[in-house]
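> As given, the protein sequences belong to chains C and H, one line each in that order. Residue numbers for the first sequence follow full-length UniProt numbering, beginning at 1 and rising by one. Residue numbers for the second sequence follow full-length UniProt numbering, beginning at 1 and rising by one.
2 protein chains.
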Amino acid sequence: MNLKQLSELLGLSQTTVSRALNGYPEVNEATRERVLQAVKETGYRPNKAAQRLATGKAGSIGLVMPTAPGHQSDVHFGEFLAGLGEEAVRHDFHFVIMPADPDDEVAALRRLAVSGNVDALFVAYMRGHDPRLAMLKSLSMPYVVHGRSFGSEPDYPFLDIDNEGAFYDATRLLLQLGHKRFALMNGPMHLDFAIRRRNGVMSALAERGLALDEDCASHALMTDEQGLLAMERFLQLPDRPTAILCSSTVLALGAIRAVNQAGLRLGEDISLIAHDDVLPLLKPENFSVPLTTTRSSLRAAGVRIAQRLIGTVKQAGPFPDQELWKTELIVRASTGPAPQQR
Amino acid sequence: MNLKQLSELLGLSQTTVSRALNGYPEVNEATRERVLQAVKETGYRPNKAAQRLATGKAGSIGLVMPTAPGHQSDVHFGEFLAGLGEEAVRHDFHFVIMPADPDDEVAALRRLAVSGNVDALFVAYMRGHDPRLAMLKSLSMPYVVHGRSFGSEPDYPFLDIDNEGAFYDATRLLLQLGHKRFALMNGPMHLDFAIRRRNGVMSALAERGLALDEDCASHALMTDEQGLLAMERFLQLPDRPTAILCSSTVLALGAIRAVNQAGLRLGEDISLIAHDDVLPLLKPENFSVPLTTTRSSLRAAGVRIAQRLIGTVKQAGPFPDQELWKTELIVRASTGPAPQQR
DNA sequence: CCCAGTGCCCAAAGCGCTTTCAATTATGTA
DNA sequence: TACATAATTGAAAGCGCTTTGGGCACTGGG
Numbered sequence: 001m002n003l004k005q006l007s008e009l010l011g012l013s014q015t016t017v018s019r020a021l022n023g024y025p026e027v028n029e030a031t032r033e034r035v036l037q038a039v040k041e042t043g044y045r046p047n048k049a050a051q052r053l054a055t056g057k058a059g060s061i062g063l064v065m066p067t068a069p070g071h072q073s074d075v076h077f078g079e080f081l082a083g084l085g086e087e088a089v090r091h092d093f094h095f096v097i098m099p100a101d102p103d104d105e106v107a108a109l110r111r112l113a114v115s116g117n118v119d120a121l122f123v124a125y126m127r128g129h130d131p132r133l134a135m136l137k138s139l140s141m142p143y144v145v146h147g148r149s150f151g152s153e154p155d156y157p158f159l160d161i162d163n164e165g166a167f168y169d170a171t172r173l174l175l176q177l178g179h180k181r182f183a184l185m186n187g188p189m190h191l192d193f194a195i196r197r198r199n200g201v202m203s204a205l206a207e208r209g210l211a212l213d214e215d216c217a218s219h220a221l222m223t224d225e226q227g228l229l230a231m232e233r234f235l236q237l238p239d240r241p242t243a244i245l246c247s248s249t250v251l252a253l254g255a256i257r258a259v260n261q262a263g264l265r266l267g268e269d270i271s272l273i274a275h276d277d278v279l280p281l282l283k284p285e286n287f288s289v290p291l292t293t294t295r296s297s298l299r300a301a302g303v304r305i306a307q308r309l310i311g312t313v314k315q316a317g318p319f320p321d322q323e324l325w326k327t328e329l330i331v332r333a334s335t336g337p338a339p340q341q342r
Numbered sequence: 001m002n003l004k005q006l007s008e009l010l011g012l013s014q015t016t017v018s019r020a021l022n023g024y025p026e027v028n029e030a031t032r033e034r035v036l037q038a039v040k041e042t043g044y045r046p047n048k049a050a051q052r053l054a055t056g057k058a059g060s061i062g063l064v065m066p067t068a069p070g071h072q073s074d075v076h077f078g079e080f081l082a083g084l085g086e087e088a089v090r091h092d093f094h095f096v097i098m099p100a101d102p103d104d105e106v107a108a109l110r111r112l113a114v115s116g117n118v119d120a121l122f123v124a125y126m127r128g129h130d131p132r133l134a135m136l137k138s139l140s141m142p143y144v145v146h147g148r149s150f151g152s153e154p155d156y157p158f159l160d161i162d163n164e165g166a167f168y169d170a171t172r173l174l175l176q177l178g179h180k181r182f183a184l185m186n187g188p189m190h191l192d193f194a195i196r197r198r199n200g201v202m203s204a205l206a207e208r209g210l211a212l213d214e215d216c217a218s219h220a221l222m223t224d225e226q227g228l229l230a231m232e233r234f235l236q237l238p239d240r241p242t243a244i245l246c247s248s249t250v251l252a253l254g255a256i257r258a259v260n261q262a263g264l265r266l267g268e269d270i271s272l273i274a275h276d277d278v279l280p281l282l283k284p285e286n287f288s289v290p291l292t293t294t295r296s297s298l299r300a301a302g303v304r305i306a307q308r309l310i311g312t313v314k315q316a317g318p319f320p321d322q323e324l325w326k327t328e329l330i331v332r333a334s335t336g337p338a339p340q341q342r
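Set out below in structure tokens:
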């Protein structure tokens, strides 16, 4: 069933039917009713590809999903998507997801953009000096970046959390508790958030004349395995750290396993603060020792970004171009005073 | 840059350029080279919406993602998507994801199908007597169902795991270990896999003249909270179960927390077998007591379904219509002989 | 020398929709 | 009663692509 058939059925022109459906004012209310009724009966749905071709809009936002045979799926991605979806469903938007090899993201993004079947782009996994920014700017298509790109001029629309502030505050708390030996379990160093969090830690330490030892910084994929490995390394250090900053509750999961296996007690021998993206699966309060965290909901960020993206496409009012969300520092049981000097 | 411009630039007709790009034989090799070269220089990409409109194909597979403000995002969904994506990227396919209220899935699916921007559909979260099947059959669009629909004629293309067999085997193992009092922590009862797993447990029990007590069966969302709550309930039973069958490692996570909080030892006081979808975050071997599991990779299922879907769209050879994968029963430390009668 | 066959290429139709421009009828106003 | 004005509706162009149905220039066998 297409427009033509529907209009013939109704004895109207395609024009009128189209107008009736799209809420144009110049159509008689009685006629509109009749059209709507017929749509209900026939189950007619406009062909999106045709609509897109005719209007240039298609009610879809595009994103690329990094994936590869060895590539471990990322819980953060799913959670973020849920947030986007929550908002999208309210506006009858959908997503076009282009899977792409992680090394091919910039090309994939360009392909997606020029493919002509998305109205706006969402970009994540930002890196320092991210090469995608230049491309996006040249594109004349709305986009919002989740995160920022360290080292690039901040002249692009983004939503980010204050990673540096979060880790600065967390570090200060641990300092106040008397800790002197710190370690950082971070995400891959090329990612923006990792750079900023590291900076946050280092500047808090610097204020006390401390530095972050190279041996005490791990930059790796945020999986529980990597958390385990990193923590094992830390614990074997001659002068092992007593305070751990951790970029994700996923890493913390592995880290805590290592702590337990070493027979140490979390919150006493070792204090740990993790960043909490509010993953449904990894609630800090459900850890055997509830985790002190810096918190910011990934899902809420998804909702907000979808709002901005969709709002822009629909030309609904101005949106702030750049948002920086504060995180909350929530103290639970995984932090405690520094143990007495051995 | 569109076809028209490109062809004018080359002094060729749109026809020839189009043919050159799509690998038709009736175009001079030299001409084709010239076209390809121009494409490289101009960065021309065909408009997907126009292609779709003209050909009816667009290289995309559609799926609906259940989502709602309160709706907890599902790790299983993300993991499955990763599998789909891994295969899709090889064929330059993408996804169109329609977010939808969980109560609106059948309508959302129809909208997606008739929207005309997907070539095939993937359907999950199957229920008993699933109403979507009838709709899908009437659609004349390729689709593959992940799972099955209990109570419906099995005359549709699906890929499923042998849920009944898995839980039958798991139950038998526990019976052999001497357990007499069983409990089942399952997903929502309207879902197909939950029905079959339950049946598997019950038929194994029935062979020994045992039955599954109503108090010892929990059907709820597969979250760690629900796992915790269910297990707490089980443990308060006057004659508490010693053997637990668990539909997900996510549920197991909560369940084990309850076991620990009750001061009981997993694998001794309580034996537990969970189904393992091979989620990267929840490796059974990484639990404090490594989990005995029935295993089947969700991601592998995603890859396979994408193969079938894409293969069908591309008319590449026949694919089996129905696949039932066996699961593996992997014994680790969470199962042990039934404790002596108290 | 003629004609069927082959190799290449093009004009134009059509996919299903939106939107401009124009036509027709109804409604007031002078 | 006559004419400007508003209220509805339609015809047709166009979005960017694929594909059908020719057309033209060569070849080579008869």
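We put the beta carbon where it would ideally sit given N, CA and C, even for glycine.
Is it the case that the segment 248-260 of chain C contacts the segment 268-288 of chain C, given that we only count it when at least three CB pairs across the two stretches are under 8 Å?
yes
> Identify whether residue 223 (chain H) lies in helix, strand or coil by the three-state DSSP scheme.
Coil at residue 223 (chain H), not helix or strand.
> For residue 258 (chain H), which residues from the same chain have a beta carbon less than 6 Å from its beta carbon, with the 5 sequence-adjacent residues on both sides left out?
228, 231 and 232
> Under the rule that 16 or more other beta-carbon atoms within 10 Å means buried, what is residue 98 (chain C), buried or exposed?
Answer is buried; the Cβ neighbour count reaches 16.
> Mapping DSSP to helix, strand and coil, what is residue 182 (chain H)?
In this structure, DSSP gives residue 182 (chain H) an extended state, which the three-state scheme calls strand.
> Please name the residue or residues paired with residue 96 (chain H) in a DSSP beta bridge.
C:96 and H:62
> Which chain H residues are close to residue 296 (chain C), counting only those with a beta carbon under 9 Å from its beta carbon?
What residue 296 (chain C) touches in chain H: nothing, since even the nearest Cβ is about 16 Å away.
> Can you check whether the CB of residue 149 (chain C) is closer than 7 Å to the CB of residue 135 (chain C)?
Contact annotation: residue 135 (chain C) and residue 149 (chain C) have beta-carbon atoms that are not nearer than 7 Å.
> Is there at least one Cβ from chain C nearer than 7 Å to residue 188 (chain H)'s Cβ?
no
> Considering only the beta carbon of each residue, do residue 246 (chain H) and residue 221 (chain H) sit closer than 7 Å?
no
> Give the DSSP-derived three-state secondary structure of residue 251 (chain C) in the structure shown.
helix
> Is it a yes or a no for the segment 14-29 of chain H touching the segment 315-327 of chain C, going by three-plus beta-carbon pairs under 8 Å?
no
> Please state if the CB of residue 102 (chain H) and the CB of residue 86 (chain C) are separated by a distance shorter than 7 Å.
no
> Apart from the five residues just before and just after residue 373 (chain H), which ones in its own chain have a Cβ nearer than 8 Å to its Cβ?
Nothing can be reported for residue 373 (chain H): it is not among the residues displayed for chain H, which extend from 1 to 342.
> Quick one: which chain C residues come within Cβ less than 8 Å of residue 201 (chain H)?
Those within 8 Å of residue 201 (chain H) in chain C number zero; the least Cβ separation is about 25 Å.
> Along the chain, where does the alpha helix (DSSP H) that runs through residue 143 (chain C) open and close?
Run containing residue 143 (chain C): none in the alpha helix (DSSP H); it sits in the beta strand (DSSP E), 143-146.
> Would you mind reading off the limits of the alpha helix (DSSP H) that contains residue 31 (chain C)?
29-42
> Classify residue 94 (chain C): buried if its beta carbon has 16 or more other beta carbons within 10 angstroms, exposed otherwise.
Residue 94 (chain C) is buried by the Cβ-count criterion.
> From which residue to which residue does the alpha helix (DSSP H) around residue 89 (chain H) run?
Looking at the DSSP string, residue 89 (chain H) is not in any alpha helix (DSSP H), and its letter there is neither H nor E.
> Give me the residue from H:297, H:298 and H:274 with the minimum Cα distance to residue 290 (chain H).
The option with the nearest alpha carbon to residue 290 (chain H) is H:274.
> Since I believe residue 123 (chain H) is in contact with residue 145 (chain H) (beta carbons under 8 Å), could you give me their beta-carbon distance rounded to a whole number of angstroms?
5 Å
> Step through the CB atoms of chain C and report whether any lies within less than 7 Å of the CB of residue 75 (chain H).
yes
> Measure how close the beta-carbons of residue 66 (chain H) and residue 107 (chain H) come, nearest whole angstrom, since I'm counting them as under 8 Å.
With 8 Å as the limit, residue 66 (chain H) and residue 107 (chain H) do not qualify as a contact, their Cβ atoms being about 13 Å apart.
> Is the separation between the beta-carbon of residue 112 (chain C) and that of residue 147 (chain C) shorter than 7 Å?
For the pair residue 112 (chain C) and residue 147 (chain C), the CB atoms are not nearer than the 7 Å cut-off.
> Which residue or residues does DSSP assign as beta-bridge partners of residue 276 (chain C)?
DSSP lists C:295 as partners of residue 276 (chain C).
> Within 7 Å of any Cβ in chain C, is that where the Cβ of residue 45 (chain H) sits?
Under the Cβ distance rule, residue 45 (chain H) counts among the residues neighbouring chain C, one pair being separated by less than 7 Å.
> Which residues in chain H have a C-beta closer than 8 Å to the C-beta of residue 5 (chain C)? List them in chain order.
The premise fails here: residue 5 (chain C) is roughly 13 Å from chain H at the closest Cβ pair, so nothing lies under 8 Å.
> Are the segment 162-173 of chain H and the segment 323-340 of chain H touching, with three or more C-beta to C-beta distances below 8 Å?
Judged by Cβ distances under 8 Å, the segment 162-173 of chain H makes contact with the segment 323-340 of chain H, as three or more pairs qualify.
> Considering only the beta carbon of each residue, do residue 324 (chain C) and residue 162 (chain C) sit closer than 7 Å?
yes
> Is there a C-beta anywhere in chain H that falls below 7 Å from the one on residue 50 (chain C)?
By this cut-off, residue 50 (chain C) is an interface position.
> Determine whether the beta carbon atoms of residue 305 (chain H) and residue 159 (chain H) lie at a separation below 7 Å.
yes
> Is the CB of residue 117 (chain C) under 7 Å away from at least one CB in chain H?
yes
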